[in-house]
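Top to bottom, those sequences are chains A and B. Throughout the first sequence, residue numbering follows our numbering, covering 11 to 211 in sequence. Throughout the second sequence, residue numbering follows our numbering, covering 11 to 211 in sequence. Quick reminder that beta carbons are idealized off the backbone N, C-alpha and C, glycines included. The structure displayed is predicted, hence computed values, not measured ones. Everything below concerns the one structure shown next.
Protein chains: 2
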Amino acid sequence: MDAKTQKAELTRAAIIGAALDVAAADGLESITLQAVADRVGLSKSGVFSRAGSREALQKAVIEEYGRSFLAQVFVPAMQQPKGLPRLNEIVRRWIARTRDVEAFTGCIYIAGAFELDDRSGELRDLLHTEITRWRAALRRTVLQAIEAGHLPAGTPADQLVAEIYSMLMGLLHDVRFLRDPQAPHRTEASWARLVKSYQTA
Amino acid sequence: MDAKTQKAELTRAAIIGAALDVAAADGLESITLQAVADRVGLSKSGVFSRAGSREALQKAVIEEYGRSFLAQVFVPAMQQPKGLPRLNEIVRRWIARTRDVEAFTGCIYIAGAFELDDRSGELRDLLHTEITRWRAALRRTVLQAIEAGHLPAGTPADQLVAEIYSMLMGLLHDVRFLRDPQAPHRTEASWARLVKSYQTA
């Protein structure tokens, strides 16, 4: 990458970072070229020429959030053996990220879902696709745990995935809105209880 | 109540209903005197003279939402015997209300928490008070179930309350954002599993 391309990439990254900050503070619908331009010290047309339209920026934020989430929660867990060890590692990392990152910045997936739930359009569709893709990845991990015999054969994977998702949504609410420092410990206990309830079913 | 007072009450109720609609569609911060005036066909000053300032209207919406929720979920459950029958009835009614009402209108408590999580001020404080009051009512019901011997003596009430709250938040997400018709059945199964996991702990 030459110096000019590298600078362009850095500027684009700064623009998307600023848009992420806007979305975290005020929601995806608050991303405008002007709001982002103000944050990075560029003109509106400068933002547009580097990152595209408002809609392109909103989409880039959802995609960038997804990449960063997967890189921190899902990818490193792949080093654990398939099945429950991997699922445990995903949940452990998800709890840690919610406690250490999303507690302060918010979660684009969850806040976005409650922001866009009554809308229609491409932005909602993209968020829906990203969330269902993440839940499908969880589902595969649950199925691997069943195949490996770590969870009983009859374990309903969709049910368990929805329960994991609820559990982490509750954690985000309790750390970010209620600001309850006990919440991460509670979630660890809930996860242990949930796994046990399937194993002893 | 004379005819004039009755008319004033009806107008006030219409104003708060319109403000609730605004909050459900676009969030508590979107409540403005103008937005509400447009919906009810009054002038801004007409809204102000009947319901007070923007801040007063936002607070009235949170309080009215709480009253309606308690009237539909909590109050009728008081007719069940103390303990698990009452807790079961609360959860059953909460699931039904989420499926039949909040799926379409949203939940002021949950959407509001994700909207105001990084704010400070009276509105956040009021929402925090209402949510913690509701969780305290759930906690008392859990403690009664322990006293009645329906749940074991060591059951951690805060933990169970947080789990119930997470479960219903997950249901709202899955019916309202994912629009998944299976979600209410899954939540019923989660609740049965959760209770059993405490009873057999």
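{"query": "For aspartate 184(B) and threonine 197(B), the rounded distance between their alpha carbons", "result": "10 Å"}
{"query": "Outcome for alanine 87(B) when other beta-carbon atoms lying within 10 angstroms are tallied against a minimum of 16", "result": "buried"}
{"query": "Within-8 Å CB hit, proline 183(B) to chain A", "result": "As written in the sequence, residue 183(B) is histidine, which differs from the proline given in the question. Histidine 183(B) counts as touching chain A."}
{"query": "Residue of Gln154(B), Leu126(B), Ala155(B), Leu153(B) minimising C-alpha distance to isoleucine 141(B)", "result": "Leu126(B)"}
{"query": "Any 3 or more C-beta pairs closer than 8 Å across the stretch 99-107 of chain A and the stretch 172-189 of chain A", "result": "yes"}
{"query": "Whole-number beta carbon distance between valine 46(A) and isoleucine 72(A), since they are thought to touch under 8 Å", "result": "The Cβ separation is near 15 Å, so there is no contact."}
{"query": "Interface residues of the stretch 106-127 of chain A facing chain B [CB-CB below 8 Å]", "result": "Gly116, Ile120, Ala121, Ala123, Phe124, Glu125, Leu126, Asp127"}
{"query": "CB contact check: serine 130(A) to chain B, cutoff 8 Å", "result": "no"}
{"query": "Contacting residues, own chain, Cβ-Cβ under 8 Å from alanine 18(A) (five flanking each side not counted)", "result": "Arg60"}
{"query": "Contacts around arginine 109(B), its chain only, beta-carbon distance under 7 Å, and the 5 residues preceding and following it disregarded", "result": "Val185, Pro194"}
{"query": "CB contact check: tyrosine 175(A) to chain B, cutoff 8 Å", "result": "yes"}
{"query": "Chain A contact residues for methionine 179(B), given Cβ-Cβ distances below 8 Å", "result": "Ser176, Met179, Gly180, His183"}
{"query": "Sub-8 Å separation of leucine 43(A) and valine 57(A) beta-carbons", "result": "yes"}
{"query": "Beta-carbon proximity check, alanine 199(B) vs glutamine 209(A), cutoff 8 Å", "result": "no"}
{"query": "Cβ separation of leucine 133(A) and glutamine 89(A), assumed to be a contact under 8 Å, to the nearest whole Å", "result": "Incorrect: roughly 34 Å between the Cβ atoms, too far for contact."}
{"query": "Other residues of its chain near threonine 151(B): CB distance less than 7 Å, five sequence neighbours each side excluded", "result": "Arg96, Leu97, Ile100"}
{"query": "Within chain A, partners of arginine 196(B) - CB distance below 9 Å", "result": "Pro166, Asp168, Gln169, Ala172, Glu173"}
{"query": "Backbone CA spacing between glutamate 65(A) and arginine 49(A) [nearest angstrom]", "result": "18 Å"}
{"query": "Candidates Ala147(A), Ala146(A), Gly164(A), Arg203(A): closest to proline 166(B) by CA position", "result": "Arg203(A)"}
{"query": "Cβ-Cβ distance between serine 207(A) and serine 207(B) below 8 Å", "result": "yes"}
{"query": "Closest residue to leucine 52(A) among Ala158(A), Asp12(A), Ala29(A), Ala81(A) (Cα-Cα distance)", "result": "Ala29(A)"}
{"query": "Phenylalanine 79(A) beta carbon less than 8 Å from that of proline 147(A)", "result": "Strictly speaking, residue 147(A) in this sequence is alanine, with proline absent from that position. The answer is no: Cβ separation not under 8 Å."}
{"query": "Given tyrosine 75(A) as reference, the closest of Leu178(A), Gln192(A), Glu112(A) once Cα atoms are compared", "result": "Glu112(A)"}
{"query": "For arginine 77(A) and leucine 188(B), the rounded distance between their alpha carbons", "result": "21 Å"}
{"query": "Between the CA atoms of serine 130(A) and leucine 137(A) - distance to the nearest angstrom", "result": "11 Å"}
{"query": "Buried/exposed call for alanine 34(A), threshold 16 Cβ in 10 Å", "result": "buried"}
{"query": "Span of the alpha helix (DSSP H) around lysine 92(B)", "result": "Lysine 92(B) -> no alpha helix (DSSP H), and no H or E assigned at all."}
{"query": "Any chain B beta carbon closer than 8 Å to leucine 199(A)", "result": "Per the sequence presented here, residue 199(A) reads as alanine, with leucine not at that position. Answer yes: the Cβ-Cβ gap between alanine 199(A) and chain B drops below 8 Å somewhere."}
{"query": "8 Å Cβ shell around alanine 123(A) - same chain, five flanking residues per side excluded", "result": "Leu137, Ile141"}
{"query": "N-terminal and C-terminal residue of the alpha helix (DSSP H) that phenylalanine 58(B) is part of", "result": "54-61"}
{"query": "Rounded C-alpha distance that separates isoleucine 118(B) from glutamate 39(A)", "result": "19 Å"}
{"query": "Residues, ordered as in the chain, of the stretch 25-41 of chain B that lie near chain A by beta-carbon distance below 7 Å", "result": "Ala35"}
{"query": "Aspartate 12(A) burial status per 10 Å Cβ neighbour count (16 or more: buried)", "result": "exposed"}
{"query": "Under the three-state DSSP convention, the category glutamine 68(A) falls into", "result": "helix"}
{"query": "Proximal residues, the stretch 72-86 of chain A versus chain B, C-beta separation under 7 Å", "result": "none"}
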